[in-house]
Amino acid sequence: VNHWYSLMAEYGMALDEDRLEDWVELFDEQCDYRVVTRENVEQGLPNVLMWCDNKNMLRDRVESYREVNEYNLHYDRHVIGPPKILQQDGVSARIEANYVVLQTDQGGNSKVFSTGAYHALLVLDDGRMRIRDNVVVVDTFCVQTLIATPI
Amino acid sequence: VNHWYSLMAEYGMALDEDRLEDWVELFDEQCDYRVVTRENVEQGLPNVLMWCDNKNMLRDRVESYREVNEYNLHYDRHVIGPPKILQQDGVSARIEANYVVLQTDQGGNSKVFSTGAYHALLVLDDGRMRIRDNVVVVDTFCVQTLIATPI
Amino acid sequence: VNHWYSLMAEYGMALDEDRLEDWVELFDEQCDYRVVTRENVEQGLPNVLMWCDNKNMLRDRVESYREVNEYNLHYDRHVIGPPKILQQDGVSARIEANYVVLQTDQGGNSKVFSTGAYHALLVLDDGRMRIRDNVVVVDTFCVQTLIATPI
């Protein structure tokens, strides 16, 4: 993974394919992952729906999720738009990219599950691109399981 | 903004985040912006839903929109696909890119608001990429406000 | 067509614009195109919904489709996400990209028609990029016509 498009694509596909452990490995050790609602962002409120401020917390979260959720009863599919590059140098890039997650139930019906944007800091480490920070700004968010799946 | 992906991403995000004045600044002074229905394009009809043939008209339009629409009662989210490059040289590129706009209401429900394609001429001016022309071909279009928002 | 983004964009637009013959031309002579359900892929089942293992079969399929389906009663719109590059050298690239197809009916209502992923092998031939293989893994698939349209 050494281009933004491969990294963003794998980010979505690892979640879609329930490869949450692979998803964690896309992050840097000193990472920060949080999910916030767009409403809170616009009103300057500090609430977060999910927050992991290092990679071990992400690992723990995925492990807890695995213990509680045995079966996926639907299929998710991330489609991510082109990134806006806010800043970049040879070793890092700050980007924003819109996304939509479509969800298909067992009856074969697809609907919009979540829309929002990733505000991410990508870093290059030994030729491999990883996620240092990712703030997921969600327009919609449903906590459907005891421990919500990352997005 | 000097890559197609940053430009297209900012195009969508400026609209999504109600930064219409920033959106106008993505255009060249001698720009042409129009919104047409796919049905009219396929039947060779000249109707347009919206047309601004220079940047001052775009500025006026946004100003009028601001006067009429005080509140956004929903969230928009553009997800734009990869561009087809029809022609390019060192200073300009003619592209087409499909898009979907998802809209989330205050109850947290998301739906498909508009799908279509951008047919755009991008120009490079002093290392900065801008939009010379953009024809938005819409499959769906709802005029929901007195003065419709750009798309 | 010599970049992944142009090729993937044209792939979707040729289908959306009912230019099926152009779509066939994006493939290499020794191509393989198949549509499979995600459920079958995950369970290791060999079922396919559509399979053409060379370009003449693709041509025949499009021809048969033309004979049966006279009118398009809806508009399709592909929005394709960034590609994950699994492997690449100077002349070929193995990629995966998520997609969503939105469909708009004659009443102007848009809905999610299909979501899924392309698993494709792209090859470069005389500076022109073509599709050698494409396995379309569909989360949703509706056979709505006597001979289903490609996706």
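If you read the sequences in order, they're chains A, B and C.
For the first sequence, the numbering used here gives the first residue as 9, with consecutive numbering after it.
For the second sequence, the numbering used here gives the first residue as 9, with consecutive numbering after it.
For the third sequence, the numbering used here gives the first residue as 9, with consecutive numbering after it.
Backbone N, C-alpha and C define an ideal beta-carbon position, used for all residues, glycine too.
- Counting only residues of its own chain and dropping the five nearest sequence neighbours on each side, Ala22 (chain A) has a CB closer than 8 Å to the CB of Leu28, Asp30, Trp31 and Leu34.
- Ala156 (chain B) has its alpha-carbon roughly 21 Å from the corresponding atom of Ile139 (chain B).
- Taking 8 Å as the upper bound on Cβ-Cβ separation, chain A lies near residues Val108, Leu110 and Thr112 of the segment 100-115 of chain B.
- When secondary structure is reduced to three states using DSSP, Tyr126 (chain B) falls in the strand class.
- By the CB criterion at 8 Å, Thr123 (chain A) and Val108 (chain A) fall inside the cutoff.
- Excluding sequence positions up to five before and after Asp40 (chain B), its CB lies within less than 7 Å of the CB of Asp61 and Asp141, all in the same chain and listed in chain order.
- Collapsing the DSSP output to three states places Val76 (chain A) in a helix.
- With the rule of 3 Cβ pairs closer than 8 Å, the segment 50-61 of chain C does not count as touching the segment 85-102 of chain C.
- Counting only the Cα atoms, Asp68 (chain A) lies some 42 Å from Glu18 (chain C).
- When the beta-carbon positions are compared, Arg85 (chain A) and Asp147 (chain A) stay at least 8 Å from each other.
- At a beta-carbon threshold of 8 Å, the residues of chain A lying near Thr148 (chain C) are Thr112, Gly116, Asn117 and Ser118, ordered along the chain.
- Residue environment: Ser72 (chain B) is assigned as exposed (fewer than 16 neighbouring CB atoms within 10 Å of its CB, all protein chains considered).
- Contacts with chain B (Cβ-Cβ distance below 8 Å) from the segment 10-22 of chain C involve His11, Trp12, Tyr13, Ser14, Met16, Ala17, Glu18, Gly20 and Met21, listed in chain order.
- Here Leu129 (chain A) has Arg102, Arg140 and Asp141 as same chain residues with Cβ atoms under 6 Å from its own Cβ, once five neighbours each way along the sequence are excluded.
- Under the three-state reduction of DSSP output, Leu15 (chain B) falls in the helix class.
- Those residues of the segment 84-97 of chain A placed with their C-beta closer than 7 Å to a C-beta in chain C are Arg85, His86, Val87 and Ile88, ordered along the chain.
- Taking 8 Å as the Cβ-Cβ cut-off, the segment 124-147 of chain A approaches chain B at Gly124, Ala125 and Asp147, given in chain order.
- Glu104 (chain B) sits in a strand when the DSSP states are folded into three classes.
- Cβ contact annotation for Gly135 (chain C) (same chain, cutoff 8 Å, sequence separation greater than five): Asn10, in chain order.
- Under the Cβ criterion of 8 Å, Arg46 (chain B) is counted among the residues facing chain C.
- Taking all protein chains in view, the Cβ of Tyr79 (chain A) is surrounded by fewer than 16 other Cβ atoms within 10 Å, so the residue is classified as exposed.
- Sequence-distant Cβ neighbours of Ile93 (chain C) in its own chain, meaning closer than 7 Å and more than five residues away, are Ala101 and Ile103.
- Secondary-structure assignment with DSSP links His86 (chain A) through a beta bridge to A:Val109.
- DSSP, read as helix, strand or coil, puts Val120 (chain B) in strand.
- Secondary structure at Val9 (chain A): coil, using DSSP grouped into helix, strand and coil.
- The Cβ atoms of Val44 (chain C) and Val143 (chain C) lie closer than 8 Å to each other.
- Going by beta carbons, His82 (chain B) and Gln111 (chain B) fall inside the 8 Å limit.
- For Leu66 (chain A), the three-state secondary structure derived from DSSP is helix.
- Spatial neighbours of Trp59 (chain B) in its own chain (CB-CB distance under 7 Å, excluding positions within 5 residues in sequence) are listed in chain order as Arg42.
- Across the structure, Gln96 (chain A) and Asp36 (chain A) are spaced so that their CA atoms are roughly 17 Å apart.
- In the DSSP assignment, Asp141 (chain B) falls within the unbroken beta strand (DSSP E) covering Arg136 to Val146.
- Its chain contains Val9, Asn10, Leu15 and Leu130 as the residues whose beta carbon lies nearer than 6 Å to that of Met137 (chain B), once the 5 sequence neighbours on both sides are disregarded; these appear in chain order.
- When DSSP reads this structure, Ile93 (chain B) sits in a beta bridge with B:Ile103.
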